[in-house]
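Right, one structure below, let's go through it.
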Amino acid sequence: MGSRKIISAVGAVVVAVVMAVVLVRCTSDDAETSSEPVEAPIVYEGALEGMRGTRPLAVTCGTVGTRCVEDQNPEWAKQLNDFWVSIGNEPLESYEYASEAFDSTIVAALAAEAAGTDGSALADKVVGLTRDGTKCTEFAECLALVREGVDIDYDGKSGKFTMNGLGEVVDSNYAVVEFGSNNRIDPDRTEYRELAATWAFVPRPAPVRTRTGDGTLKVASLLPLTGQLATYGPPQFAGVEYAVSVINEAGGALGKEVEYVQGDCGDTSTLKAEKTVERLLADNVDVIVGPSSTAVTKNVIETILGAGIVQFSPANTNMELVDYEDNGLYFRAAPADDVQTYLLGLVLDEDNASRVHIVHSDDLYGNSVATRLQTVLKQRGIEVAAVTPYEIAAASYADVIDALVKSDTDTVVMIGFDEIARLLREMVTANIGPKFRKVYGVDAIMGDALGENFDNQS
């Protein structure tokens, strides 16, 4: 030990002499050179690499060119995109909840066929078509079985699509995804997980319904063309419209072609959804697919259900809707937040997270997921050191950055929407991005669109 101290001391003297020589040389060669330290430039290229998160498996499987597990069909995304382009749209840039929108429409048509009506009584057939019967995966195949009186179990493009008596999907495939060096999801780092919701099967209620049909099934979309979630609209619209095309190519439902009406749900900052619902009801639609946002759904669900219209949401996840008194008319194709937060908590545990800072949008979605995640993390013995809500439309996220800097945590979980790209940009600028802390995201943001938005920030 004593000899090491002597060597260290000698080394320190040598280093001091060398530094002095360097300082003298710099001063003599360039007397005007500033002594102020030069900060290294912030590098945004590849700055998201290592950021991980969760999202439904169908999103990853639905992306053209990426890997899929054996029970998924990677060609379906290409078929969907080809159809979407063929009817005059730009190519799809993402596939978020496209398969859920597709499956919702397919099951609605099969339910109408099984019930023999496009009236509200078709809702009674939905759950039974997704479980405990003869497996089928394509509409034409399933339709033939239903017409023969066979009890079917539809497995769709989004997975098993098995529902419980509350109209909730209980079997789901999720992907744990990670950004690569190009600020895009790296398919080679994707992990696949199969999960089931925590609640048991319960029977559907037996409500009294009075709405009868006219013999022609009319499906409407109530999805985001405008507003905060507009970037997620195209794949969901594509899913519904492609499903209607597939149904009609196979002969339709109730012996007639299914009719389609497009509707914009906007977001909660406007009354777009409310006005669209008024128009759809006046148009005598039988099934509404949407909205994507739970907050928007809560603004219109009473009007929809009160009119006896069957409603499917491809993307609602809020736990408040699990036991909502819906008169047996509301269904959703996306698993509730308890499934995703369970998986995210598991991933953080596997990654040895110890002190977590949750940053979330101060709205129904962000508050709900953040609350649920806190419970999950505490159950796993992971400390939630800080929770910071933020206003989505804030001009600056300086207060969030300040809170992150001061929290001294090893892990950050981000819950929000498109604005997360701007927040991440500010984090990278402050040297607290994914290169410096473990950063995770949820299904609303974990996709290539986040990387594209991040790159486009200035």
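With this note's numbering applied, the sequence shown corresponds to residues 644 to 1101, in that order.
Even glycine gets a Cβ: it sits at the ideal position worked out from N, Cα and C.
Looking at the DSSP output, Ser-864 bridges to Val-932. With respect to the C-alpha of Arg-1080, the residue from Gln-722, Asp-796, Met-1089, Met-1070 having the closest C-alpha is Met-1070.
Under the DSSP definition of a beta bridge, Gly-759 lacks any partner. Annotated as proximal: Ala-863 and Leu-923, with beta-carbon spacing under 8 Å. Assignment of beta strand (DSSP E) within the region 980-1024, counting only whole runs of 3 or more residues, yields 998-1004 in chain order. Ile-1063 carries a helical assignment under DSSP once its states are collapsed to helix, strand and coil. Ile-685 counts as exposed, since fewer than 16 other beta carbons sit within 10 angstroms of its beta carbon. Taking C-beta atoms under 8 Å as the contact rule, Val-1043 and Leu-1066 qualify, at a distance of about 6 Å. For Val-965, the secondary structure class from DSSP, reduced to helix, strand or coil, is coil. A check of alpha carbon separations from Asn-959 across Asn-724, Lys-1049, Ser-888, Tyr-740 identifies Tyr-740 as the nearest. Check the Cα spacing between Glu-821 and each of Asp-1098, Val-990, Gln-871: the tightest is with Val-990.
Around the Cβ of Gln-722, a 10 Å sphere holds fewer than 16 other Cβ atoms; the residue is exposed. According to the DSSP assignment, Thr-919 belongs to the alpha helix (DSSP H) that extends over 915-925. A Cβ-Cβ contact shorter than 8 Å links Pro-1032 with His-1003. Sixteen is the threshold: since fewer than 16 other Cβ atoms of the shown chains lie within 10 Å of the Cβ of Lys-1049, the residue is exposed. Pro-699 and Glu-718 have their C-alpha atoms spaced approximately 18 Å apart. Contact check for Ala-757 against Val-793 fails: the beta carbons are separated by 8 Å or more. A direct Cα-Cα distance of roughly 46 Å separates Leu-1047 from Val-904.
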